[in-house]
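Asker: Here you go, one structure.
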Amino acid sequence: MKICDSHIHSYFSSDSDATLESIIEKAIELGLNKVCVTDHHDIDFYIYQPEGLDFQLDTSTYIAAMKNIRTKYEDKIDVRMGVELGLMDLVADKAKQYADTYPDFDFIIGSSHLVHGLDPYYPSYYEGRTEKEGLRDYFESILQNVTTIDNYNIYGHLDYAVRYCPSGEKAFCFNDHKDIFEAIFKTIIPKGKGIEINTGSLYKGMTYAHPHVDILKLYKEMGGEIITVGSDAHHPKYMCYGFETYVRDMLTSLGYKYYCTFKNQKPEFNKL
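Positions in the sequence shown are counted from 1; adding 642 to them yields our numbering.
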């Protein structure tokens with residue numbers, strides 16, 4: 643099922659130094675027939691430390707470079723151009739404007755990295771509240787985002803905040819937040835929006851990929867059909883991580899026969 647890795651970062655993301663060539667060459671080595679680069683763009687991202695990372699994309703330069711690399715490898719692999727767009731209530735209008743300004747993208751991942759300007763990556767996010775409360779706030783922010791913003795194709799790593807809980811993944815209990823996920827899916831499924839299986843958590847020490855299997859089950863039960871698969875690789879060595887094992891087993895166990903890729907922001911259904 644290694645058809646496409648739909649979530650990869652290059653040196654255009656400030657937390658990666660991978661060249662576009664190294665990504666495409668790895669995709670060819672893995673036998674992919676298509677690949678999608680999705681570099682970070684988090685509008686008005688707050689830099690917490692003087693040496694902190696700035697996740698705002700030089701979009702015009704990025705698009706030009708992606709068009710060049712697409713032409714260079716057009717006889718070997720189908721190179722797709724995407725972006726991981728940070729969604730947050732504080733930048734809703736700017737996110738809409740950004741997506742309208744750059745119609746070149748094949749694929750837009752909407753992701754939550756900040757909650758009302760706070761970053762769950764840092765322990766300070768949980769100061770003055772429990773982990774359950776911090777996670778609840780994170781998931782409620784996603785519901786607010788999908789209610790107010792439509793300029794994305796799938797929502798990325800829905801339970802991303804769990805990765806950075808002080809006590810780890812055991813802090814997450816699906817039943818504590820099931821009502822919010824139901825509300826999220828009631829909003830996005832009729833709009834033709836999907837979710838992703840993100841295997842980045844597997845090579846970062848978690849026992850499951852994002853999102854938790856109970857979230858995936860709920861999405862399927864509520865009629866969700868659009869699922870993309872991405873490694874969230876910031877280095878080519880992690881591309882397609884767990885696709886042939888974890889992801890295949892997970893999707894087939896839930897009754898899926900396909901997973902999606904995107905071209906010109908339209909879903910394509912690929913057999914497992």
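From the three backbone atoms N, C-alpha and C, an ideal C-beta is built for every residue, glycine too.
Under 8 Å Cβ to Cβ from Q786, same chain only, skipping five residues before and after it: list those, please.
Answerer: Excluding sequence neighbours, Q786 sits near D731.
Asker: Within the segment 749 to 809, note down every full beta strand (DSSP E) run reaching 3 residues or more, in order along the chain.
Answerer: With a minimum length of 3 residues, the continuous beta strand (DSSP E) runs that stay inside the segment 749 to 809 are 749 to 753.
Asker: Could you pull the DSSP bridge partners for P909 from this structure?
Answerer: Its beta-bridge partners are F904.
Asker: Under 8 Å by Cβ, that's how I've got I685 and S873 pegged, so tell me the actual separation to the nearest angstrom.
Answerer: The pair is not a contact, with the Cβ atoms about 24 Å apart (cut-off 8 Å).
Asker: At what residues does the alpha helix (DSSP H) containing L662 begin and finish?
Answerer: From DSSP, the alpha helix (DSSP H) with L662 extends over L662 to E671.
Asker: CB-CB under 7 Å to A825, same chain, minus the five flanking residues each way: which ones, in chain order?
Answerer: Cβ within range, chain order: L785.
Asker: I'd like to know if the segment 721 to 731 and the segment 667 to 686 are in contact, where contact means that at least 3 CB-CB pairs between them fall below 8 Å.
Answerer: They touch, by the three-pair rule.
Asker: Looking at the structure shown, is D647 part of a helix, part of a strand, or coil, going by DSSP?
Answerer: D647 falls in the coil class under three-state DSSP.
Asker: Using the DSSP secondary-structure output, state which residues sit across from H852 in a beta bridge.
Answerer: In the DSSP output, where bridge partners are listed per residue, H852 has N840.
Asker: Once DSSP output is grouped into helix, strand and coil, what is the label at I869?
Answerer: Of the three classes helix, strand and coil, the one that applies to I869 here is strand, per DSSP.
Asker: May I have the straight-line CA-CA distance separating G752 from A737, to the nearest angstrom?
Answerer: The alpha-carbon atoms of G752 and A737 are separated by roughly 10 Å.
Asker: Tell me which residue opens and which closes the alpha helix (DSSP H) that H819 is part of.
Answerer: Note, H819: alpha helix (DSSP H), F816 to I830.
Asker: Which residue wins for smallest C-alpha separation from L800, given the options S809, Y768 and N840?
Answerer: Looking at the Cα atoms, N840 is the closest of the given residues.
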